[in-house]
Amino acid sequence: MRKLIWMMALGAVIGTAACKKDYYVDSGLQRGVYDGDTYEWLATNPFYFDTLVTVIKLAGLENVIRDSSVTFFAPTDLAIKRAMNDVHSWRYAAFKDSLRLEEVPAEVWRKYLSRYIFRDKYKLKDISRLAPDLPDLYPGMNMESWQGYIMNIGVIFSDYNGTKDVGPRKVVISDIRSLERPSYFVSYAATSDMQTRNAIVHVLNSEHYFGFDGYNFINTIKEYIQ
């Protein structure tokens, strides 16, 4: 419950973590600047990211998050907890013990966490528009994530007071599954354009599910652990 309250008050959190703050006139999204690397920024917000920090270590991606020039769509602890709860349910149904984070193979954590990381820095203004109902007109940007898996990132426009496309704009990331016949499993950023020394961070909202698809996440674990 407290995590949900945080997502409602996310602007205050980013303001606390940042060295300075201001607001975009065109979108209303807060912009923060942190004088440190991305891993350090996550570690300064343990209530929201302590599990994520652990997963980054387990995946062997700490140096990437610390040193590489990247765009990182940061899932919160709530997203990882949601996925692990489903893992525990599977294990329970199979009369097996639940798994601790460190018992999930590092290869699994790396495979899925890499899908949130993109080379180079992309702020909201650098990302193409996405309209899932008009993909030919506004397709967003299909991009290789850290290990080469194709994801789509985009900006979804909204209306305001009856005027089309002038409302807040939201950064989104989607697992499209296939370039030939894409299916948009869209996850929204709760806040965007957090700037650390080495990266742009877009924090995903509380509804996000780590790995985007629990079925695939669990099946990947099953490839290593029966």
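Per my numbering, the sequence shown starts with residue 6, numbered consecutively.
Note that beta-carbon positions come from the ideal geometry of N, C-alpha and C, so glycine has one too.
As the structure is a computational prediction, the values presented were derived from the model and not from experiment.
Between which two residues does the alpha helix (DSSP H) carrying D252 extend?
Lying outside 6 to 231, the shown extent of the chain, residue 252 is not represented and no answer is given.
If we ignore side chains and look at the alpha-carbon of each, how far apart do T43 and F54 end up?
Taking the sequence shown and counting its residues from 1, one reaches residue 43 at position 38. Taking the sequence shown and counting its residues from 1, one reaches residue 54 at position 49. Looking at the two C-alpha atoms, the distance is approximately 11 Å.
For the alpha helix (DSSP H) that S94 lies in, which residues bound it at each end?
As a first step, residue 94 must be located in the sequence shown, where it is residue number 89. Note, S94: alpha helix (DSSP H), D82 to A98.
Counting only the same chain and skipping the five closest in sequence on each side, list residues whose C-beta sits under 7 Å from that of A48.
Within the sequence shown, the letter at position 43 stands for residue 48. Only V58 meet the Cβ criterion.
Taking Cβ positions, are Q60 and L118 nearer each other than 9 Å?
Residue mapping note: residue 60 aligns to position 55 of the sequence shown, counting from 1. Residue mapping note: residue 118 aligns to position 113 of the sequence shown, counting from 1. According to the sequence shown, residue 60 is Val rather than Gln. Closer than 9 Å, so yes.
State yes or no: is the C-beta of D102 nearer than 8 Å to some heavy atom of the ligand ATP?
As for the ligand ATP, it is missing from this structure, which has no ligand bound.
With a threshold of 16 other CB atoms inside 10 Å of the CB of Y229, please say whether the residue is buried or exposed.
Position 224 of the sequence shown holds residue 229. Exposed, since its Cβ has fewer than 16 Cβ neighbours within 10 Å.
Return the Cβ separation of F123 and T76 in integer angstroms, given the expectation that the two are a contact with Cβ distance under 8 Å.
Here residue 123 corresponds to residue number 118 of the sequence shown, with the count starting at 1. Here residue 76 corresponds to residue number 71 of the sequence shown, with the count starting at 1. At roughly 4 Å, the Cβ-Cβ gap stays under 8 Å, so F123 and T76 are in contact.
If you run the structure through DSSP and keep just helix, strand and coil, what is D27?
Taking the sequence shown and counting its residues from 1, one reaches residue 27 at position 22. Any reading at D27 must be qualified, since the residue scores a pLDDT of 43, below 50, and its modelled position is unreliable; the value itself is stated next. Strand.
Okay, do the stretch 199-211 and the stretch 123-133 touch, 3+ Cβ pairs below 8 Å being the bar?
yes
Mark N50 as exposed unless 16 or more other C-beta atoms lie within 10 angstroms of its C-beta, in which case mark it buried.
Locating residue 50 in the sequence shown gives position 45, where the first residue counts as 1. Result: buried.
Determine the direct distance from the alpha carbon of P110 to that of I226, and round the result to whole angstroms.
To locate residue 226, count along the sequence shown from 1; it is residue 221. To locate residue 110, count along the sequence shown from 1; it is residue 105. In a straight line, the C-alpha of I226 is about 7 Å away from that of P110.
Three-state secondary structure assigned by DSSP to S32
Taking the sequence shown and counting its residues from 1, one reaches residue 32 at position 27. Annotation note: pLDDT 32 at S32 (below 50); position unreliable, no value reported.
Cβ-based neighbour list, L142, same chain, cut-off 8 Å, excluding 5 preceding and 5 following
Indexing the sequence shown from 1 puts residue 142 at position 137. Within the same chain, A136 come within 8 Å of L142 by CB-CB distance, once the 5 residues on both sides are set aside.
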